[in-house]
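Residue numbers (our numbering): 2 to 361.
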């Protein structure tokens with residue numbers, strides 16, 4: 002008689018573990034780092050290295066001090082430090098990624114017990130801490146090589162501004178991120194304090210030339226968020242390998258697209274610049290690399306859609322009416338806190354069971 006081996010599920014195993022996933026994520030983030038070097042120079046790489054080193058060292062010190070198993074080789078601290086650095090300006094002081102990465106690991110991760118126990122994304126918590134503590138350093142110094150941009154679009158924007166006599170908008174073009182520019186110009190138009198030149202500027206933000214600059218990354222922004230092309234290239238690898246699931250990015254970006262088109266224009270409803278809002282700021286980075294974090298996102302399929310829609314709504318609300326031009330970080334953090342409730346309200350069907358039939 003042939004004996005059968007009996008074991009607990011799961012019965013099918015895939016050769017995937019935490020280090021493999023984390024180091025793959027690091028590899029897929031390299032194209033964005035290359036883009037940062039192209040547009041911002043070597044200093045952006047230096048800041049990224051500082052963020053990674055600070056995260057790894059902080060985790061090692063805490064684990065040694067608390068007599069835990071040393072897990073810095075699994076790559077999770079590297080991912081946290083890298084993403085934290087990707088969320089700061091390219092000309093930030095050197096100590097900013099150091100302090101941010103230390104806070105992200107110590108307060109955002111290790112204080113809860115390490116990887117798998119943190120309720121929110123550590124890198125985003127570190128960024129929120131930096132924004133609250135040093136808002137000037139986190140919201141200025143967007144341009145290095147960008148100061149010499151010679152694209153027809155940017156030159157055209159400057160021309161329209163100068164002809165309109167609005168010096169403030171000229172300063173915004175050369176020093177602000179596209180989202181900040183759009184927010185301030187749109188606010189002036191709605192308040193009735195801007196001239197026709199401001200309308201021209203706002204409409205040109207959704208022109209083909211400007212969207213092309215946004216897609217490739219030839220604009221002001223944080224180190225790792227500016228090149229949508231580089232981020233999508235890396236994200237495609239993660240989706241192909243099933244390390245991230247499509248529901249959160251699609252529902253998140255789709256919600257932002259629909260609501261920004263519906264509410265984000267200056268010519269009434271359904272006049273907002275859709276592609277501008279998709280490729281501006283940290284939406285692509287957040288949707289594919291932060292909102293999909295396995296620890297802090299829902300485990301149910303319906304829950305992931307709800308998570309993405311909720312993050313999209315919060316992002317658009319903050320972008321259009323909040324005090325900051327960007328809303329990705331705070332929207333994901335807030336939805337992270339709602340994950341236990343979302344999972345509880347969207348249970349998956351249990352295999353092997355069916356609903357009991359009603360008896361009369």
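Note that beta-carbon positions come from the ideal geometry of N, C-alpha and C, so glycine has one too.
Nothing here was measured: the structure is a model prediction, and the numbers come from that model.
(message) Taking the straight line between their C-alpha atoms, what separation do you get for residue 339 and residue 309?
(response) As a first step, residue 339 must be located in the chain shown, where it is residue number 338. As a first step, residue 309 must be located in the chain shown, where it is residue number 308. Rounded to whole angstroms, residue 339 to residue 309 spans 12 Å at the Cα level.
(request) Mind listing, in chain order, the continuous alpha helix (DSSP H) runs of no fewer than 4 residues lying wholly within the segment 49-92? (result) 77-87
(request) Kindly confirm or deny that the segment 286-306 and the segment 250-263 touch, where touching means at least three C-beta pairs closer than 8 Å. (result) yes
(message) To the nearest angstrom, how far is the alpha carbon of residue 125 from that of residue 273?
(response) The count along the chain shown starts at 1 and reaches residue 125 at position 124. The count along the chain shown starts at 1 and reaches residue 273 at position 272. Each residue's Cα considered, the two are about 27 Å apart.
(message) By the three-class DSSP mapping on this structure, what secondary structure does residue 120 have?
(response) As a working mapping, residue 120 is identified with position 119 in the chain shown. Coil, per DSSP.
(request) Starting from the C-beta of residue 103, find all residues in its chain whose C-beta is less than 6 Å away, skip the five residues before and the five after it, and write them out in chain order. (result) On the chain shown, position 102 is the one that residue 103 refers to. Excluding sequence neighbours, residue 103 sits near 55 and 59.
(message) Going by C-alpha to C-alpha distance, which of 304, 332, 351 and 313 sits closest to residue 345?
(response) Translated into the one-based positions of the chain shown, residue 345 becomes position 344. When each option's Cα is compared against that of residue 345, the closest is 304.
(request) Report the residue ranges of all alpha helix (DSSP H) runs contained in full by the segment 262-335; include only those spanning at least 4 residues, in chain order. (result) 275-280 and 302-322
(request) Please say whether residue 88 and residue 222 have beta carbons closer to each other than 8 Å? (result) Working through the chain shown from its first residue, we reach residue 222 at position 221. Working through the chain shown from its first residue, we reach residue 88 at position 87. No, Cβ-Cβ distance for residue 222 and residue 88 is not below 8 Å.
(request) Would you mind reading off the limits of the alpha helix (DSSP H) that contains residue 184? (result) Locating residue 184 in the chain shown gives position 183, where the first residue counts as 1. It spans 179-192 - the alpha helix (DSSP H) in which residue 184 sits, taken as one unbroken run.
(message) Taking 8 Å as the cut-off, does the segment 229-245 touch the segment 19-26 (at least 3 CB pairs, one atom from each stretch)?
(response) yes
(request) Starting from residue 226, trace the alpha helix (DSSP H) both ways and give me its first and last residue. (result) Numbered from 1 along the chain shown, position 225 holds the residue referred to as residue 226. From DSSP, residue 226 is part of no alpha helix (DSSP H); its letter is neither H nor E.
(request) Express the C-alpha separation of residue 215 and residue 281 in angstroms, rounding to a whole number. (result) Taking the chain shown and counting its residues from 1, the one referred to as residue 281 is at position 280. Taking the chain shown and counting its residues from 1, the one referred to as residue 215 is at position 214. When rounded, the distance between both Cα atoms is 6 Å.
(message) Going by beta-carbon coordinates alone, are residue 224 and residue 45 separated by less than 8 Å?
(response) Position 223 of the chain shown, counted from the start, is the residue given in the question as residue 224. Position 44 of the chain shown, counted from the start, is the residue given in the question as residue 45. Yes, the pair counts as a contact, with Cβ atoms nearer than the cut-off.
(request) Tell whether a beta-carbon distance below 8 Å holds between residue 47 and residue 218. (result) Taking the first residue of the chain shown as position 1, residue 47 is located at position 46. Taking the first residue of the chain shown as position 1, residue 218 is located at position 217. No, Cβ-Cβ distance for residue 47 and residue 218 is not below 8 Å.
(request) Specify the secondary structure class of residue 153 as computed by DSSP and reduced to three states. (result) Taking the chain shown and counting its residues from 1, one reaches residue 153 at position 152. Here residue 153 scores only 40 on pLDDT, less than 50, and its place in the model is too uncertain to base an answer on.
(message) Just to confirm before moving on: does the CB-CB distance between residue 319 and residue 332 stay below 8 Å?
(response) Along the chain shown, read from residue 1 onward, the residue named residue 319 stands at position 318. Along the chain shown, read from residue 1 onward, the residue named residue 332 stands at position 331. The answer is yes: Cβ separation under 8 Å.
(message) Can you check which of these residues, 306, 330, 323 and 301, is closest to residue 351 by C-alpha distance?
(response) For the purposes of this step, residue 351 is identified with residue 350 of the chain shown, where counting begins at 1. Ranking the options by Cα distance to residue 351, first place goes to 301.
(request) Compare the beta carbon distance of residue 32 and residue 231 with 8 Å and say whether it is the shorter of the two. (result) Counted from its first residue, the chain shown places residue 32 at position 31. Counted from its first residue, the chain shown places residue 231 at position 230. Cβ atoms of residue 32 and residue 231: closer than 8 Å.
(request) Could you name the residues of the same chain whose beta carbon sits closer than 6 Å to that of residue 139, not counting the 5 residues immediately before and after it, in chain order? (result) For the purposes of this step, residue 139 is taken as residue 138 along the chain shown, with counting starting at 1. Excluding residues within five positions, the ones whose Cβ falls inside 6 Å are 131 and 132.
(request) Take residue 254 and list the residues in its own chain whose beta-carbon comes closer than 7 Å to its own, dropping the five residues that flank it on each side. (result) Position 253 of the chain shown, counted from the start, is the residue given in the question as residue 254. Answer for residue 254: 279, 284 and 288, listed in chain order.
(message) On the CB-based measure, 16 or more other CB atoms within 10 Å of its CB, does residue 16 come out buried or exposed?
(response) The count along the chain shown starts at 1 and reaches residue 16 at position 15. The residue is exposed, with fewer than 16 neighbouring Cβ atoms inside 10 Å.
(message) Less than 6 Å between C-beta atoms, sequence neighbours within five positions excluded: which residues of the same chain meet that for residue 349?
(response) As a first step, residue 349 must be located in the chain shown, where it is residue number 348. Excluding positions up to five away in sequence, the list reads 301.
(request) Buried or exposed for residue 341, please, with buried defined as at least 16 other CB atoms from any protein chain shown within 10 angstroms of its CB. (result) As a working note, residue 341 is residue 340 in the chain shown. Exposed, by the Cβ-count rule.
(request) Spatial neighbours of residue 226 within its chain, please: CB distance less than 6 Å, with the 5 preceding and 5 following residues excluded, ordered by chain position. (result) For this step, residue 226 is matched to residue 225 along the chain shown. Cβ neighbours of residue 226 beyond the five flanking positions: 283 and 286.
(request) Work out the CA separation of residue 99 and residue 162 for me, nearest whole Å. (result) For the purposes of this step, residue 162 is taken as residue 161 along the chain shown, with counting starting at 1. For the purposes of this step, residue 99 is taken as residue 98 along the chain shown, with counting starting at 1. With a pLDDT of only 44 at residue 162, under the threshold of 50, the placement of this residue in the model should not be trusted; the figure read from the coordinates follows. Each residue's Cα considered, the two are about 39 Å apart.
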